[in-house]
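J.:
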Amino acid sequence: FTKNQKNVSKRLNLSIIKDDVTISYMAERVVGTGSFGIVFQAKCLETGEMVAIKKVLQDRRYKNRELQLMRSMIHSNVVSLKHCFFSTTSRDELFLNLVMEYVPETLYRVLKHYSNAKQGMPLIYVKLYTYQLFRGLAYIHTVPGVCHRDVKPQNVLVDPLTHQVKICDFGSAKVLVAGEPNISYICSRYYRAPELIFGATEYTTSIDIWSAGCVLAELLLGQPLFPGESAVDQLVEIIKVLGTPTREEIRCMNPNYTEFRFPQIKAHPWHKVFHKKMPPEAIDLASRLLQYSPSLRCTALDACAHPFFDELREPNARLPNGRPFPPLFNFKHELANASQDLINRLVPEHVQGWWF
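Residues 1 to 356, numbered by full-length UniProt numbering, are exactly what the sequence shown covers, in order.
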């Protein structure tokens with residue numbers, strides 16, 4: 001595959017053998033490019049099924065971490081890996097091709113649609129999309145123990161018919177091990193947790209919670225909450241809202257950071273960050289996610305149980321078009337260590353019999 005293949009569909013045909021069955025794909029169009037490689041929308045010639053194929057250059061000396069992680073994850077709010085295969089070029093470059101389910105939209109494009117129409121995203125969709133984002137994060141944080149490290153609207157897929165959400169792009173993801181250092185220059189700028197800006201190398205999955213809080217705020221506002229133009233400016237944007245971090249908060253973010261030189265700015269009240277008609281539950285949830293101290297941010301599971309999402313738990317709750325919601329309450333593995341109170345708040349009575 002090459003980036004300049006505009007008319008890919010006429011030229012590209014792949015065949016792979018899986019369980020002694022030949023599966024052929026015709027690439028139809030490029031849907032994403034980046035430093036990682038390229039993503040195609042492709043069609044399975046045998047079944048007509050649409051898939052996404054992510055093609056990345058593979059270093060022969062190492063296993064591909066994204067492949068290992070994707071093989072370990074099965075969840076309705078995480079994009080699924082169908083299979084994978086290797087391909088080579090005439091220059092003997094090795095490429096890994098990840099064949100994944102195809103989901104046509106991203107949260108980024110859905111939000112752009114509303115902003116272009118000068119409309120706010122209806123609150124029911126804000127709830128539905130962010131709830132499923134937290135449900136996916138609750139799964140990856142607890143079951144395989146994965147930190148995504150690049151949560152942003154572009155990496156949240158949306159099915160426009162069912163409104164099911166799936167987290168995608170695990171190219172930056174990693175299983176975080178306590179005591180093992182990690183790189184701090186990770187995550188797209190607008191969604192980067194403050195401890196990463198402070199250079200922390202021993203962080204936790206709470207960096208994803210900060211990012212998801214930024215996504216929630218963006219859906220509520222119609223624009224990014226912290227639109228920094230550089231790493232330093234990113235911190236300035238955060239300070240404008242949260243105020244100057246205290247020495248203790250800086251210690252919680254990065255104990256090795258000693259340069260405490262910031263102008264003293266008071267926190268901007270959360271209710272003034274959003275418009276007057278914003279439900280107090282939405283503001284409360286944003287404030288619990290966007291905390292300087294990583295340990296004070298609520299977990300993904302706690303976020304799912306927040307009253308902001310109570311509307312989704314109503315017995316007769318439906319999509320605006322009358323269709324049923326996508327799956328929302330099958331937590332299974334994530335609830336292994338949860339209290340009965342949390343389970344009761346997460347799983348409504350009218351569906352508890354299905355799972356318990």
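For each residue, glycine too, the CB sits at the ideal point set by N, CA and C.
For clarity, every value in this text was computed on a predicted model and none was experimentally measured.
1) Cβ atoms of P160 and E218: under 7 Å apart, would you say?
2) Are there 16 or more other CB atoms within 10 angstroms of the CB of N254, so buried, or fewer, so exposed?
3) Just how far apart, CA to CA, sit T22 and E46?
4) What did DSSP end up calling I53 once you bin it into helix, strand or coil?
5) Where does M70 fall in DSSP's three states?
6) Which residues in the same chain as I167 place their Cβ atom closer than 8 Å to its Cβ, once the five residues preceding and following it in sequence are excluded?
7) Cα separation between V30 and H75?
8) Got a sec? Which residues, its chain only, sit under 8 Å from G179 by beta carbon, not counting five neighbours each side?
9) How would you write the range of the alpha helix (DSSP H) that R345 sits in, first residue to last?
10) Could you compute how far the alpha carbon of Y62 sits from the alpha carbon of L98?
11) Could you tell me whether the Cβ atoms of E49 and Q41 are closer together than 7 Å?
12) Looking at the strands, I want to know which residues DSSP matches up with T201.
13) Might you give, ordered along the chain, the residues of its own chain that have their beta carbon closer than 6 Å to the beta carbon of F329, omitting 5 neighbours on each side?
14) Helix, strand or coil for H271? Go by DSSP, reduced to three states.
15) Exposed or buried, what is K127 when buried is set at 16 or more other beta-carbons lying within 10 Å of its beta-carbon?
16) Quick check on DSSP: helix, strand or coil for F356?
17) DSSP state of L123, grouped into three classes?
18) Return the chain-ordered list of same chain residues with a C-beta closer than 7 Å to the C-beta of L67, the five sequence neighbours on each side being excluded.
19) Excluding the 5 residues preceding and the 5 following R345 in the sequence, name in chain order all residues of the same chain whose CB lies nearer than 6 Å to its CB.
20) So, with DSSP's three-state summary, where would you put S9?
21) Buried or exposed for L69, please, with buried defined as at least 16 other CB atoms from any protein chain shown within 10 angstroms of its CB.
22) Here's the rule: buried if 16 or more other CB atoms are within 10 angstroms of the residue's CB, otherwise exposed. What is K54?
23) Three or more beta-carbon pairs under 8 Å between the stretch 290-304 and the stretch 108-115, yes or no?
T.: In brief:
1) In the sequence shown, the residue the question calls residue 218 occupies position 218. In the sequence shown, the residue the question calls residue 160 occupies position 160. Not in contact: E218 and P160 (Cβ atoms no closer than 7 Å).
2) Within the sequence shown, numbered from 1, the residue matching residue 254 stands at position 254. By the neighbour-count rule (16 or more Cβ atoms within 10 Å), N254 is buried.
3) Within the sequence shown, numbered from 1, the residue matching residue 22 stands at position 22. Within the sequence shown, numbered from 1, the residue matching residue 46 stands at position 46. Distance between the alpha carbons of T22 and E46 is about 9 Å.
4) Along the sequence shown, read from residue 1 onward, the residue named residue 53 stands at position 53. Residue state, collapsed to three classes: strand.
5) What you label residue 70 is simply residue 70 of the sequence shown in a count that begins at 1. Helix, per DSSP.
6) For the purposes of this step, residue 167 is identified with residue 167 of the sequence shown, where counting begins at 1. N77, V78, V79, L133, G136, L137, I140, H148, V151, N155, V156 and L157.
7) Here the question's residue 30 lines up with position 30 in the sequence shown. Here the question's residue 75 lines up with position 75 in the sequence shown. If I take the Cα positions, the gap works out to 26 Å.
8) Sequence index remark: in the sequence shown, residue 179 carries index 179 (1-based). So the list reads E202, once near-sequence residues are dropped.
9) Looking up residue 345 in the sequence shown gives position 345. Residues Q340 to L346.
10) The count along the sequence shown starts at 1 and reaches residue 62 at position 62. The count along the sequence shown starts at 1 and reaches residue 98 at position 98. So the alpha carbons of these two residues sit roughly 16 Å apart.
11) Your numbering for residue 49 matches position 49 in the sequence shown. Your numbering for residue 41 matches position 41 in the sequence shown. Their beta carbons are not under 7 Å apart, which means E49 does not touch Q41 by this criterion.
12) Position 201 of the sequence shown, counted from the first residue, corresponds to residue 201. For T201, which the question treats as bridged, DSSP gives no partner whatsoever.
13) If you number the sequence shown from 1, residue 329 lands on position 329. Excluding residues within five positions, the ones whose Cβ falls inside 6 Å are V347 and V351.
14) Against the sequence shown, residue 271 aligns to sequence position 271. Helix, per DSSP.
15) For the purposes of this step, residue 127 is taken as residue 127 along the sequence shown, with counting starting at 1. Flag for K127 reads buried.
16) If you number the sequence shown from 1, residue 356 lands on position 356. With a pLDDT of only 46 at F356, under the threshold of 50, the placement of this residue in the model should not be trusted; the figure read from the coordinates follows. Reduced to three states, the DSSP call for F356 is coil.
17) By 1-based counting over the sequence shown, the position of residue 123 is 123. Helix at L123.
18) Taking the sequence shown and counting its residues from 1, the one referred to as residue 67 is at position 67. Excluding sequence neighbours, L67 sits near C84, L96 and L98.
19) As a position in the sequence shown, residue 345 is number 345, starting the count at 1. Closer than 6 Å at Cβ, skipping near neighbours: A305.
20) The residue you call residue 9 lines up with position 9 of the sequence shown. Caution applies to S9, whose pLDDT of 43 falls short of 50 and renders its modelled position unreliable; the model cannot decide the point.
21) Translated into the one-based positions of the sequence shown, residue 69 becomes position 69. Classification for L69: buried.
22) Here residue 54 refers to the residue found at position 54 of the sequence shown. So K54 ends up on the buried side.
23) no
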